[in-house]
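**Q** The opening residue of the sequence shown carries number 2 in this note's numbering; numbering runs sequentially from there.
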Amino acid sequence: METQSRIGLFAITAALLQALLFFIYIGFVRYDTFYDGTIWNQTKQQGHDTPTLRDYYPIHVNN
């Protein structure tokens with residue numbers, strides 16, 4: 002029974018840490034978007050404000 006409670010505690014702790022990181026990330030992106038987006042737009046490539054899949058996989062046909 003001891004092992005099961007430790008596994009459950011670990012699972013809860015891991016889930017809470019992931020949620021915390023997720024909310025920190027979302028808060029950062031929203032903060033940067035509400036203002037002028039300078040932090041995110043430092044990743045500007047090929048004239049896009051934010052990178053798209055075309056920036057990472059630039060092989061596409063006729064456009």
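Glycine included, C-beta positions come from ideal geometry on N, C-alpha and C.
Return helix, strand or coil for Y26, following the three-state DSSP convention.
**A** In the structure shown, Y26 sits in a helix (DSSP, three-state: H, G or I).
**Q** Look at the alpha carbon of L10 and the alpha carbon of A16, and state the distance between them as a whole number of angstroms.
**A** For L10 and A16, the distance between alpha carbons rounds to 10 Å.
**Q** Work out the CA separation of A12 and S6 for me, nearest whole Å.
**A** Rounded to the nearest angstrom, the two C-alpha atoms are 10 Å apart.
**Q** Taking DSSP as the reference, what is the three-state secondary structure of I13?
**A** I13 falls in the helix class under three-state DSSP.
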